[in-house]
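*Asks:*
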Amino acid sequence: MRKEINFTDTERRRDCEVVTRYIRKRRSIYADQYQEGTIPEAELLEILTNATWAPTHKMTEPWRFIVLTDRQLVKYGTYMGSYYQHLYQDIPDADKKLAKYNYLKNYPLKAACMIAIIFVKSKKVNIPEWEELAAISCAVQNMAISATSFNIASYWATGGSAIDYVKTLGLAENEQSLGLFFMGYPSGAAVHVQKKRTPINQKVSWRS
8 MRKEINFTDT
18 ERRRDCEVVT
28 RYIRKRRSIY
38 ADQYQEGTIP
48 EAELLEILTN
58 ATWAPTHKMT
68 EPWRFIVLTD
78 RQLVKYGTYM
88 GSYYQHLYQD
98 IPDADKKLAK
108 YNYLKNYPLK
118 AACMIAIIFV
128 KSKKVNIPEW
138 EELAAISCAV
148 QNMAISATSF
158 NIASYWATGG
168 SAIDYVKTLG
178 LAENEQSLGL
188 FFMGYPSGAA
198 VHVQKKRTPI
208 NQKVSWRS
């Protein structure tokens, strides 16, 4: 007798394989490894919508996003060049000093966009800050995995210039800058970089 196929189990297995593939394919790829390109608006909205489906205690949804494109990329490059001037201003070789400045100035220009990540602290519900930050981290991870599914590279920049630049965009008293989420199309070399993970048996123990 022919056995019926349980399509529910088959679909569940297929869905699990897709999720696993994109989780393990995701990696941080930096803006100087991008090639120019524009993310279609529908894809960008899908990525941002998926961010809002992150778990959030008491549904505080403690995030706000600002999409930065075009002139904002240029402005941030200029901001970076000045922000980190103290790191290269003492270089005696004028050409090397100029090269460093130009690298920082041009760094964001190949990105398709940057997303300002903003922590919005609830005024109505008292939630421990670490829980809110964990929720935002989950939101950003949703963005990263979603971007990967569209073959878009990404990474979350949390250095001083990224944190401080977002502060210039006009934050409310109950808001805090958490940096910039870069997205763009990766160069071929960047896509093939593989990073190792510690074997799971070294990170997990079992008790009963």
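Sequential numbering of the sequence shown, starting at 8, is according to the numbering used here. C-beta: ideal position from N, C-alpha, C; glycine also. Quick caveat: nothing in here was measured; it's all calculated off a predicted structure.
Hey, residue 122 and residue 157 are a contact pair by Cβ (cut 8 Å); roughly how many whole angstroms apart?
*Replies:* The sequence position of residue 122 within the sequence shown is 115, counting from 1. The sequence position of residue 157 within the sequence shown is 150, counting from 1. Rounded, the Cβ-Cβ distance is 14 Å, inconsistent with contact.
*Asks:* Does DSSP put residue 242 in a helix, in a strand, or in coil?
*Replies:* Here the chain comprises residues numbered 8 to 215, so residue 242 is not present and cannot be evaluated.
*Asks:* Alpha carbons only, please: which of 210, 129 and 212 is nearest the one belonging to residue 180?
*Replies:* By one-based count along the sequence shown, residue 180 stands at place 173. It is 129.
*Asks:* Given that a residue counts as buried once 16 or more other Cβ atoms are within 10 Å of its Cβ, and exposed if not, what is residue 87?
*Replies:* Sequence index remark: in the sequence shown, residue 87 carries index 80 (1-based). Residue 87 should be labelled buried.
*Asks:* Does DSSP classify residue 88 as helix, strand or coil?
*Replies:* In the sequence shown, the residue the question calls residue 88 occupies position 81. In this structure, residue 88 counts as helix in the three-state DSSP scheme.
*Asks:* Where does residue 110 fall in DSSP's three states?
*Replies:* Within the sequence shown, numbered from 1, the residue matching residue 110 stands at position 103. If DSSP states are grouped into helix, strand and coil, residue 110 belongs with the helices.
*Asks:* Taking residue 50 as the reference, which of 29, 35, 153 and 117 has the closest Cα?
*Replies:* In the sequence shown, residue 50 corresponds to position 43, counting from 1. Minimum Cα distance to residue 50 is reached at 153.
*Asks:* Compute the beta-carbon to beta-carbon distance between residue 178 and residue 125, rounded to the nearest angstrom, for a pair I have assumed lies under 8 Å.
*Replies:* Your numbering for residue 178 matches position 171 in the sequence shown. Your numbering for residue 125 matches position 118 in the sequence shown. With 8 Å as the limit, residue 178 and residue 125 qualify as a contact, their Cβ atoms being about 6 Å apart.
*Asks:* Taking the beta strand (DSSP E) that residue 201 falls in, what are its first and last residues?
*Replies:* Indexing the sequence shown from 1 puts residue 201 at position 194. Here residue 201 belongs to no beta strand (DSSP E), and DSSP marks it neither H nor E.
*Asks:* Could you give the distance in angstroms between the alpha-carbon of residue 104 and the alpha-carbon of residue 113?
*Replies:* Locating residue 104 in the sequence shown gives position 97, counting from the first residue. Locating residue 113 in the sequence shown gives position 106, counting from the first residue. Roughly 14 Å between the two C-alpha positions.
*Asks:* Whose C-alpha, out of 80, 81 and 110, is nearest the C-alpha of residue 94?
*Replies:* Counting from one through the sequence shown, the residue named residue 94 turns up at place 87. Per the Cα distances, 110.
*Asks:* Thinking C-alpha only, which one of 52, 119 and 97 is nearest residue 159?
*Replies:* Counting from one through the sequence shown, the residue named residue 159 turns up at place 152. Among 52, 119 and 97, the Cα nearest to that of residue 159 is on 119.
*Asks:* Please classify residue 132 as buried or exposed, where buried requires at least 16 neighbouring CB atoms within 10 angstroms.
*Replies:* Numbered from 1 along the sequence shown, position 125 holds the residue referred to as residue 132. The residue is exposed, with fewer than 16 neighbouring Cβ atoms inside 10 Å.
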